[in-house]
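Undergrad:
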Amino acid sequence: MAFGAFKHALHSNFVKAYEAVTPHQSESNFKTTGKITNTEFEIAGDYLTRNCQSWTWEGGDHTKEKQFLPRDKQFLVTRGVPSLRRAATLEDYSAADDMLKSDLSKEDEGWVATKATGYAGKSRSTRDDADIPDLSGSGLHHRGAKAKPIEDDIPDMNDLALQDEAADEATAPDTPRLRSTETTSDLVKTRTYDLFITYDKYYSVPKFWLIGFDEDRQPLTTEQILKDVSEEHAKKTITVDPFPHGNFTAASIHPCKHSAVMKKMISMAAGSATSKELIVDHYLVLFLKFIASVIPTIEYDYTMASVV
1 MAFGAFKHAL HSNFVKAYEA VTPHQSESNF KTTGKITNTE FEIAGDYLTR
51 NCQSWTWEGG DHTKEKQFLP RDKQFLVTRG VPSLRRAATL EDYSAADDML
101 KSDLSKEDEG WVATKATGYA GKSRSTRDDA DIPDLSGSGL HHRGAKAKPI
151 EDDIPDMNDL ALQDEAADEA TAPDTPRLRS TETTSDLVKT RTYDLFITYD
201 KYYSVPKFWL IGFDEDRQPL TTEQILKDVS EEHAKKTITV DPFPHGNFTA
251 ASIHPCKHSA VMKKMISMAA GSATSKELIV DHYLVLFLKF IASVIPTIEY
301 DYTMASVV
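In terms of this note's numbering, the sequence shown opens at residue 1 and continues consecutively.
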């Protein structure tokens with residue numbers, strides 16, 4: 001086993017042991033830390049499923065149930081989300097204005113961009129929600145971001161590989177969704193992804209997972225998935241792990257910097273002159289806008305009703 005993979009496996013086992021003996025966070029401090037409790041994760045998930053109808057709660061394998069979450073709300077999932085282009089082909093991808101200023105890099109060694117664009121420079125966000133703070137005045141409106149790569153404790157993807165395991169119903173590919181302007185005859189075969197959000201007790205943040213399928217509905221390899229990840233984050237923030245609520249392996253975005261990024265986003269949203277009060281219900285909407293900067297090619301925003 002390569003050293004990077006060994007180091008990652010050792011860290012994963014430590015996290016499992018820590019979660020088994022440590023009480024879950026109960027005090028709400030998401031505005032000051034960027035972290036959320038398991039109860040707040042459920043609240044934010046309920047808001048997401050109400051307003052973004054492609055997302056649903058699922059329970060997964062009951063033998064792997066997390067006792068700090070309801071049995072039928074173990075994780076969030078949306079399936080069959082199209083990915084029309086690879087990250088390297090996005091024309092508007094690497095603009096310097098898309099990264100946070102040096103204060104975030106110095107304080108948190110993090111990065112964030114919140115309004116991803118799809119192809120041809122068009123925004124993937126198609127609706128507004130009066131209940132969510134307006135981020136237009138906060139500077140959180142570009143995709144792509146550059147900062148110091150996150151290297152500590154995260155193995156190189158060359159040391160890891162997706163495992164071939166028996167198909168699990170949670171990963172079964174669905175028919176790609178159609179835009180409202182498309183017809184069945186107009187549908188072009190494309191990559192699709194199943195996306196999952198779990199709660200990471202160790203870091204007290206959501207964790208994002210993805211499984212991809214090619215144009216012929218065959219699972220994507222690790223290297224193929226990396227082509228849909230921004231250059232700054234491929235092989236550094238993407239890891240491959242067993243999915244905690246099923247019997248399959250999936251790529252995931254390492255959550256070690258999530259709280260720092262979310263804290264900054266929440267602070268900037270709260271400081272916007274046009275912002276309404278930010279409540280924890282909105283947390284996962286902001287989180288998904290952050291994820292769009294890491295994986296800019298997956299068109300999940302347009303399936304969401306009534307979001308930023």
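Using N, Cα and C, we set each Cβ at its ideal position, and we do this for glycine too. In this text the structure is predicted, and so the values were computed from the model without any measurement.
Suppose the cutoff is 8 Å on Cβ atoms and the five residues either side in sequence are ignored; what does the same chain contact list for residue 210 look like?
TA: Taken in chain order, the residues that qualify are 193, 194, 195, 196, 225, 250, 251, 252, 295, 298.
Undergrad: For the segment 252–283, which segments carrying the alpha helix (DSSP H) assignment without a break, of at least 4 residues, lie completely within its bounds, in sequence order?
TA: Qualifying alpha helix (DSSP H) stretches, in chain order: 258–270.
Undergrad: Which of the three DSSP states, helix, strand or coil, is assigned to residue 295?
TA: Reduced to three states, the DSSP call for residue 295 is coil.
Undergrad: Three-state secondary structure (DSSP) at residue 108?
TA: In this prediction, residue 108 scores a pLDDT of 47, lower than 50, which makes its location untrustworthy; no coordinate-derived value is stated.
Undergrad: In chain order, what residues of the same chain lie with their CB nearer than 6 Å to the CB of residue 82, ignoring the 5 residues before and after it?
TA: For residue 82, where only same-chain residues beyond five positions count, the Cβ hits under 6 Å are 176, 190, 192, 299.
Undergrad: Figure out for me which residue from 278, 282, 277 has the closest Cα to the Cα of residue 50.
TA: The option with the nearest alpha carbon to residue 50 is 282.
Undergrad: Could you give the residue range of the alpha helix (DSSP H) that holds residue 45?
TA: Start and end: 38–51.
Undergrad: Nearest to residue 262 by CA position, among 284, 237, 72, 247, is which residue?
TA: Of the candidates 284, 237, 72, 247, the one whose C-alpha sits nearest the C-alpha of residue 262 is 284.
Undergrad: Determine which residues share a DSSP beta bridge with residue 191 and list them.
TA: Paired residue(s): 83.
Undergrad: Among 256, 217, 212, which has the Cα closest to the Cα of residue 227?
TA: When only C-alpha atoms are compared, the closest one is 212.
Undergrad: Determine the extent of the beta strand (DSSP E) in which residue 210 is found, giving its start and end residues.
TA: 205–213 is the extent of the beta strand (DSSP E) around residue 210.
Undergrad: Quick one: using the 10 Å Cβ neighbour count with 16 as the cut-off for buried, is residue 70 buried or exposed?
TA: By the neighbour-count rule (16 or more Cβ atoms within 10 Å), residue 70 is not buried but exposed.
Undergrad: What is the C-beta distance between residue 75 and residue 60, in whole angstroms, given that I count them as a contact (C-beta under 8 Å)?
TA: Yes, they are in contact, since the Cβ atoms of residue 75 and residue 60 sit about 6 Å apart, within 8 Å.
Undergrad: Cα separation between residue 277 and residue 217?
TA: Residue 277 and residue 217: Cα-Cα distance of roughly 43 Å.
Undergrad: To which residues of the same chain is residue 163 closer than 6 Å at the C-beta, ignoring the five residues directly before and after it?
TA: Unreliable positioning characterises residue 163 in this predicted model, as indicated by a pLDDT of 42, which lies under 50. A coordinate reading is not provided.
Undergrad: Confirm, please, whether the CB-CB distance from residue 34 to residue 313 is below 9 Å.
TA: With the chain covering only 1 through 308, there is no way to say anything about residue 313.
Undergrad: Nearest-angstrom Cα distance between residue 349 and residue 280?
TA: Because the chain in this structure spans residues 1 to 308, residue 349 falls outside the shown range and cannot be described.
Undergrad: Who pairs with residue 75 in a beta bridge, going by DSSP?
TA: For residue 75, which the question treats as bridged, DSSP gives the partners 58.
Undergrad: Give the range of the alpha helix (DSSP H) segment to which residue 222 is assigned.
TA: First-last of the alpha helix (DSSP H) with residue 222: 222–226.
Undergrad: What is the DSSP secondary structure of residue 243, counted as helix, strand or coil?
TA: In this structure, residue 243 counts as coil in the three-state DSSP scheme.
Undergrad: Taking 9 Å as the threshold (C-beta atoms), are residue 26 and residue 39 in contact?
TA: For residue 39 and residue 26, yes; Cβs fall inside 9 Å.
Undergrad: Of the choices 64, 88, 77, whose alpha-carbon is the least far from that of residue 242?
TA: Of 64, 88, 77, the residue nearest in Cα terms is 64.
Undergrad: Per DSSP, what kind of secondary structure is residue 88 in: helix, strand or coil?
TA: Note: residue 88 maps to helix in three-state DSSP.
Undergrad: Which one of 287, 293, 271 has the shortest CA to CA distance from residue 232?
TA: Here the closest residue by C-alpha is 293.
Undergrad: Skipping 5 residues on each side, what residues in its chain have a beta carbon closer than 6 Å to that of residue 288?
TA: Hits under 6 Å: none found.
Undergrad: Which class does residue 287 belong to by DSSP, given the choice of helix, strand or coil?
TA: Looking at residue 287 - three-state DSSP - the assignment turns out to be helix.
Undergrad: Please classify residue 88 as buried or exposed, where buried requires at least 16 other C-beta atoms within 10 Å of its C-beta.
TA: Label assigned to residue 88: exposed.
Undergrad: What residue range does the alpha helix (DSSP H) around residue 237 cover?
TA: No alpha helix (DSSP H) holds residue 237; DSSP gives it neither H nor E.
Undergrad: Under 6 Å Cβ to Cβ from residue 29, same chain only, skipping five residues before and after it: list those, please.
TA: Cβ neighbours of residue 29 beyond the five flanking positions: none.
Undergrad: Is residue 22 helix, strand or coil by DSSP?
TA: Coil.
Undergrad: Taking just the CA atoms, how far does residue 230 sit from residue 208?
TA: Computed Cα separation, rounded: 15 Å.
Undergrad: To which residues does DSSP link residue 249 through a beta bridge?
TA: Answer is 242, bridged to residue 249.
Undergrad: Pick out whichever of 244, 256, 220, 247 has its Cα sitting closest to the Cα of residue 236.
TA: When only C-alpha atoms are compared, the closest one is 256.
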